[in-house]
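S.K.: Oh and the sequence shown: position 126 is 126 in the numbering used here, straight run, nothing missing.
Glycine residues also receive a C-beta, built at the ideal position from the N, C-alpha and C atoms.
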Amino acid sequence: MSNKKFSRGIPANVPSDVKEFDKKINTQASTSISNNGASVFIIVMVLVVIGFIGFIVLNNSGNTQANSTPNTTAATTVNGQQIISMTAQATGYTPNIITAKANTATTLRVDATNDFGCTSGMRIPSLGISKNLSGVTDIALGAQAPGTTLNGTCSMGMYNFQIKFS
Ligand SMILES: [Cu+2]
Numbered sequence: 001m002s003n004k005k006f007s008r009g010i011p012a013n014v015p016s017d018v019k020e021f022d023k024k025i026n027t028q029a030s031t032s033i034s035n036n037g038a039s040v041f042i043i044v045m046v047l048v049v050i051g052f053i054g055f056i057v058l059n060n061s062g063n064t065q066a067n068s069t070p071n072t073t074a075a076t077t078v079n080g081q082q083i084i085s086m087t088a089q090a091t092g093y094t095p096n097i098i099t100a101k102a103n104t105a106t107t108l109r110v111d112a113t114n115d116f117g118c119t120s121g122m123r124i125p126s127l128g129i130s131k132n133l134s135g136v137t138d139i140a141l142g143a144q145a146p147g148t149t150l151n152g153t154c155s156m157g158m159y160n161f162q163i164k165f166s
């Protein structure tokens, strides 16, 4: 008796067609709830996939930077002119740590012949240098004081190089 009374609030003496209608409504409601459940599941899966792809992309860019291992070279001097020869490729600058003589007119000679990456946009902020490289480009660095370190980057700041003068 009390069971029937509280079951969806429909008294036991309601005509059967009303009960049928109520049953139908309830069936539709539960169907639409399970559809919502499926939509939520799909949305969650899409977010998981996007997150996973994002993680791989970020992880890869981190690895790329870690893989451009320090490659140290000394600048060469020809007829009192100091030349730093560097190669720019999609994977970074080689060498990326350069020791050079202070108080000597210096040219940074960058070969970007095979560079199809963002390293073709080179910046040395402390000298106000911003170059779009193609082929071989000479960049005048002037004569730097002892203890000066010039920090260079690609246009996006992903790849770096340092020129240390002493
Ligand atoms: Cu970059």
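May I have the straight-line CA-CA distance separating T119 from V78, to the nearest angstrom?
M.R.: What you label residue 119 is simply residue 119 of the sequence shown in a count that begins at 1. What you label residue 78 is simply residue 78 of the sequence shown in a count that begins at 1. Taking the Cα positions, T119 is about 27 Å away from V78.
S.K.: Could you have a look at C154 and say whether DSSP puts it in helix, strand or coil?
M.R.: What you label residue 154 is simply residue 154 of the sequence shown in a count that begins at 1. In the structure shown, C154 sits in a strand (DSSP, three-state: E or B).
S.K.: Could you say which of A112, G37, I97, C154 lies nearest to F165 if we only look at CA atoms?
M.R.: Counting from 1 along the sequence shown, the entry for residue 165 is found at position 165. Answer by Cα proximity: I97.
S.K.: Per DSSP, what kind of secondary structure is M69 in: helix, strand or coil?
M.R.: Position 69 of the sequence shown, counting from 1, holds the residue named residue 69. It is Thr, not Met, that sits at residue 69 in the sequence shown. It is coil, neither helix nor strand.
S.K.: Measuring CA to CA, which of I163, L141, R123 is closest to M156?
M.R.: As a working note, residue 156 is residue 156 in the sequence shown. Closest by alpha carbon: R123.
S.K.: Between the C-alpha atoms of V136 and D111, what's the straight-line distance to the nearest angstrom?
M.R.: The residue you call residue 136 lines up with position 136 of the sequence shown. The residue you call residue 111 lines up with position 111 of the sequence shown. Straight-line Cα distance between these residues: approximately 4 Å.
S.K.: Within the same chain, show all residues whose beta-carbon is closer than 7 Å to that of S130, passing over the 5 residues directly before and after it, in chain order.
M.R.: In the sequence shown, residue 130 corresponds to position 130, counting from 1. Within the same chain, and ignoring the five residues on either side of S130 in sequence, the residues whose Cβ sits closer than 7 Å to its Cβ are R123.
S.K.: Excluding five sequence neighbours on each side, which residues of the same chain lie with their C-beta closer than 8 Å to the C-beta of P95?
M.R.: By one-based count along the sequence shown, residue 95 stands at place 95. Counting only Cβ-Cβ distances below 8 Å, and skipping sequence neighbours, we find N71, T72, T73, M86, F161.
S.K.: Within the present structure, is the beta-carbon of M158 separated from the nearest heavy atom of ligand 1 by less than 6 Å?
M.R.: Counting from one through the sequence shown, the residue named residue 158 turns up at place 158. The answer is yes for M158.
S.K.: With the cut-off set at 7 Å, would you say G121 and N132 are in Cβ contact?
M.R.: Taking the sequence shown and counting its residues from 1, the one referred to as residue 121 is at position 121. Taking the sequence shown and counting its residues from 1, the one referred to as residue 132 is at position 132. Yes, these two residues count as a Cβ contact at 7 Å.
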